[in-house]
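Chains as they are written, first to last, in this note's numbering: chain G, 1 to 417; chain A, 1001 to 1255.
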Amino acid sequence: MSERIREKLSILADAAKYDVSCASSGSKRKNENKGLGNASNGICHAYTEDGRCVSLLKILLTNHCIFDCAYCVSRKSNDIKRAAFTVQEVVDLTINFYRRNYIEGLFLSSGIFKNADYTMERLVRIAKKLRTEENFHGYIHLKAIPGASDELLQEAGLYADRLSVNVEMPTEQSLKLLAPDKNRKDMIAPMKYLKGAIIANKEEKKLFKKAPLFAPAGQSTQMVVGATPENDLQVLWMADQFYKKMNMRRVYYSGYVPISNDNRLPAIGTPVPMIRENRLYQADWLLRFYGFSLQEIVDQENPVLDMDIDPKLAWALRNPQLFPVDINYADLYMIMRVPGIGVGTAKKIVAARKHQQLTADHVKKLGIAWNRARHFITCAADAYTHKDLLPLQLKSLIMQQTTSKYQPNFSPQLKLF
Amino acid sequence: MVTMLYDGSFEGWLTAVFEVYEYKYAAVQIVTSEQHQPNVFATIKNVVTDEAKAERVWKGLKQKISANAVAQVYKTFLGEEIGVENKLLEYVQYAFSRPQSIESDFAHSAVLYVWQMAKKVHREKHRMEAFIRFQKMKDNLYYAVCQPDYNVLPLIERHFKDRYADQQWLLYDTRRKYGLYYDLQNVSVVEMHFSEESNEGKELQHAFDEHEALYQVLWKQYFDSVNIAARKNTKLHIQHMPKRYWKYLPEKRQL
Ligand code: SF4
């Protein structure tokens, strides 16, 4: 019995690991009436040997699938061991892992067996059981199966903290090529439904405090990059649309890990495009937290992100006329745009300068990446003189000085600046 | 020079701060009786922890700086760094000497120190919330040992109390030799003495719930299965999960 469950876990965790969304934050589920758990913290309980955060029990309900998406290990035509959990097994694993403080909750996805609704109905049943029978308030993220009915999505939203539908490919063309059974419409329809339901729930909450929560952590999606020829402009344009039109909380970028010998895809052994993935996350942060517009990061003339420097530095080098920024007088928004200064540090600078004029010594201690930032700022009593370097000289200077510190960071969970 | 000896408790330190004002000490050093190294040139003054005095300093501080900054002071204290009592005294004196809050004056050395130290302690608090692993015992108690770098048990109590409201748990700090016990109603401080070996759970094996071993195996199985070999990055792994925590993590142990 325990051997069988162990085998299932190994198969169904293995198959789920390519889905990169794993965040457990952004919800606000409280532990009322002395139940188990709460969802609001976003704690990573472990890190895999590839350095990614483990915060949720991320598994498939089953890896049986009637579809044949080329980029997916669970595809019908792949000759692999198949398994399926029972509803009770998933509930037991979640509760027992949670009680031991291994996880923040459950991320449940599934291959499609029989049809979309049949599969979705089981996912919902697990979430319902956790909430209503186990009094569980930890985080639950359910994958909405494309093509599932609105009724099931509605029910899912009552039990889950977050729902996601993966778009998988940045363009319809690529999707057609690699996932012939899927179509864009079936993916976009549930997103639209969820967007509407989430907004409606927020309105309702304003009127009646007691209205039930509906997917309080919103919805997210994932795009596989590097499997198909789209450039960063196309990928980020898509993401930008999701943020603006679908109220997405997060878009995840999953560097394609070659897993099949299929001549439509990069061959096995092709390196995972990790730096590119990292750059996309950095660009995404600039869109969401730094007030950058898409055109400032990539446009028709620069459709590809720079691989050797991060997108904020690249932007600054393209806009030398905006620098140097005076740390003691510039507005917060402009200070945030200085390479080497993050949102938190920028705020701290603005707070500290109310007490006294800040010198280079002061700002160095506030946690900025001095080697980078120094080329773009002036401080009180500034003796620094190299500010008329040309962008290209500056780029090579910064790259030389920061090689040791400049270890690209592959985890989507981290602060990137 | 006056050397004030206190008992090492936060209230004790607050009492000392009160008395610095009460007796108008100028050149003063606050140190725990334990750490104190006699110095013939100093006048020794024993501080008797006094809740009323402590309370007045704490209240006064809350009127000068934000709740967030007050919490930073407490966290900094729990960092247990040598000399922290005097750094904090400097901070408090600075705070009391100014009409507005000084908490964001990061160009001031004591303010910068408190901010940096509080951040370190906060990070350790967060790590403990992440890396504590409970083991279920026969009598339904969930038991965990830890060895945090800083004295963070008082900071994580709320977190675990909120999270595990329906299970009994015991969290034990083997370095500081005390623990927190939640009995489904309240959390109390307990002092126990374990030998190092029993901390690893070896001697406790017979007392574990019958399914405990299974879930540890399943968790390790899960941890191994989610790794993507094509993306291996040991440096990043260790940076996030420092080796000193590994002995308490079933996923990093040979089971
Ligand atoms: S439908 Fe989902 S599980 Fe099935 S093959 Fe496609 S991506 Fe894989």
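Where is the CB? At the ideal position from N, CA and C, for every residue including glycine.
Item to check | Inter-residue spacing [alpha-carbon to alpha-carbon] between F1131 of chain A and Y1245 of chain A | outcome: 7 angstroms
Item to check | First through last residue of the alpha helix (DSSP H) which encompasses L313 of chain G | outcome: 311–318
Item to check | 4 or more residues per run - each alpha helix (DSSP H) lying fully within the segment 96–149 of chain G | outcome: 116–128
Checklist entry - For the ligand ADP, is there a heavy atom less than 7 angstroms away from the beta-carbon of K1220 of chain A? => result This structure does not include the ligand ADP; its bound ligands are the ligand SF4.
Checklist entry - Cβ of S74 of chain G versus every heavy atom of the ligand SF4: is any distance shorter than 7 angstroms? => result yes
Checklist entry - Any contact of the segment 71–85 of chain G with the segment 1090–1108 of chain A, i.e. 3+ C-beta pairs under 8 angstroms? => result no
Item to check | CB of L142 of chain G within 8 angstroms of CB of A160 of chain G, strictly | outcome: yes
Next on the checklist: Output needed for V1048 of chain A: all residues of its chain with C-beta closer than 8 angstroms, excluding positions within five of it in sequence on either side, in chain order.
Outcome noted: T1015
Checklist entry - Along chain G, which residues have their Cβ under 8 angstroms away from the Cβ of F1223 of chain A? => result A46, T48, V54
Checklist entry - When DSSP builds the beta bridges, which residues end up paired with C53 of chain G? => result G:Y47
Next on the checklist: According to DSSP, I1044 of chain A sits in a beta bridge with which residue or residues?
Outcome noted: A:T1003
Checklist entry - Does F1134 of chain A come within less than 8 angstroms of chain G when only Cβ atoms are used? => result yes
Item to check | Neighbour flag for D1105 of chain A against chain G, beta carbons, 8 angstroms | outcome: yes
Next on the checklist: Taking beta-carbon pairs under 7 angstroms, can you tell me which members of the segment 224–247 of chain G lie near chain A?
Outcome noted: none
Item to check | chain A contact for S220 of chain G (CB, 8 angstroms cutoff) | outcome: no
Checklist entry - Within the chosen definition, does the segment 1031–1051 of chain A reach the segment 1088–1103 of chain A through at least 3 CB pairs nearer than 8 angstroms? => result no
Checklist entry - I1132 of chain A bridges to which residues according to DSSP? => result Partner(s): none; I1132 of chain A has no beta bridge.
Next on the checklist: For the beta strand (DSSP E) containing A1144 of chain A, name the first residue and the last one.
Outcome noted: 1142–1146
Item to check | C-alpha gap between L1153 of chain A and E1080 of chain A, whole angstroms | outcome: 13 angstroms
Item to check | Assigned secondary structure, V1190 of chain A (DSSP; H/G/I helix, E/B strand, else coil) | outcome: strand
Item to check | Classification of R1175 of chain A by the beta-carbon crowding that lies within 10 angstroms, buried from 16 upward | outcome: exposed
Checklist entry - Whole-angstrom Cβ separation of Y281 of chain G and Y253 of chain G, contact assumed at under 8 angstroms? => result 6 angstroms
Item to check | Neighbour list for L213 of chain G in chain A, Cβ cutoff strictly below 9 angstroms | outcome: Ordered by position in chain A, no residue passes the 9 angstroms Cβ test against L213 of chain G, which lies about 17 angstroms from the chain.
Next on the checklist: On a Cα-Cα basis, can you pick out the residue from G:M238, G:P391, G:E49, G:Q219 that is closest to R1231 of chain A?
Outcome noted: G:E49
Item to check | Cβ of S74 of chain G within 8 angstroms of any chain A Cβ | outcome: no
Item to check | Range covered by the alpha helix (DSSP H) that runs through V1073 of chain A | outcome: 1067–1078
Next on the checklist: Do T221 of chain G and N166 of chain G have their beta-carbon atoms positioned less than 8 angstroms apart in this structure?
Outcome noted: yes
Checklist entry - With distances taken from CA atoms, which of G:Y139, G:S55, G:P180, G:V87 is nearest I66 of chain G? => result G:P180
Checklist entry - If you measure beta-carbon to beta-carbon, which residues of the segment 86–107 of chain G are closer than 8 angstroms to chain A? => result L93, N96, F97, R99, R100, N101, Y102
Checklist entry - CB E1157 of chain A to CB V1121 of chain A, shorter than 8 angstroms? => result no
Checklist entry - Who does D326 of chain G pair with in a DSSP beta bridge? => result G:T378
Next on the checklist: Does the contact criterion of 3 or more C-beta pairs under 8 angstroms hold for the segment 304–316 of chain G versus the segment 327–334 of chain G?
Outcome noted: no
Checklist entry - Pick from G:A84, G:N135, G:F136: whose alpha carbon is nearest that of G111 of chain G? => result G:A84
Item to check | Rounded distance between the beta-carbons of G157 of chain G and F214 of chain G, thought under 8 angstroms | outcome: 4 angstroms
Item to check | Cβ-based burial, P1099 of chain A [other Cβ within 10 Å; buried from 16] | outcome: exposed
Checklist entry - Using CA coordinates, which residue listed in G:N371, G:P216, G:C379, G:L152 is at the minimum distance from V350 of chain G? => result G:C379
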